[in-house]
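Right, one structure below, let's go through it.
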Amino acid sequence: NYGNFEGRISEVYPADLLMERSGENDKNVNYLDVNVHIDGEVLHSKLYNKVDDFGFDVVNFTFPHSNIALSVGHNLFYSQLARYFKICSHAKDFVNSSKKLYTCLIHRGYRHWALIIKFRQFVKNHPEALCKYRLTDIKDLYQAIFSTC
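See the structure below:
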């Protein structure tokens, strides 16, 4: 019971481990990199990135002109798409997170076509995306992520 968790912390964690409650709402909680929201009897999840709450920029992805292999950035895009897909229960949340990452990587200097190739690999390896997000055509997802960036 999240609402009474503060009263039970001492039963679970040692006294020297400081625990803080995040948020005041018992129907919405951020846990690690997931935001979980209860709507009636339905559980929804989407990506939560604590860095978004900071008042300053944090560099958390590679640059294509660094000493790190270019393929690392491309594979990062693929792996994050897979991660977002597992976390996000709604297509709009998947699209928002994916588009934000795509825009970040493009501004860093990654090539559009290379990221498109990784998106196509993701779609090929995750055909269940159409079903999960109730889409009739994967082009809808493609256009939502890659349009007007």
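With the sequence shown counted from 1, adding 1442 to any position gets you my numbering. No residue lacks a Cβ here, since even glycine has one placed at the ideal position from N, Cα and C. As the structure is a computational prediction, the values presented were derived from the model and not from experiment.
According to DSSP, residue pairing for tyrosine 1473 in a beta bridge involves Val1476. The three-state reading of DSSP puts leucine 1512 in helix, counting H, G and I together. Counting only runs that start and end inside the segment 1525 to 1554, the alpha helix (DSSP H) elements of at least 4 residues fall at 1533 to 1550. Valine 1493 has its alpha-carbon roughly 22 Å from the corresponding atom of alanine 1533. Membership of lysine 1488 in the beta strand (DSSP E) is indicated by the continuous run 1484 to 1489.
Fewer than three Cβ pairs drawn from the segment 1566 to 1584 and the segment 1544 to 1557 lie within less than 8 Å of each other, which leaves the two stretches out of contact.
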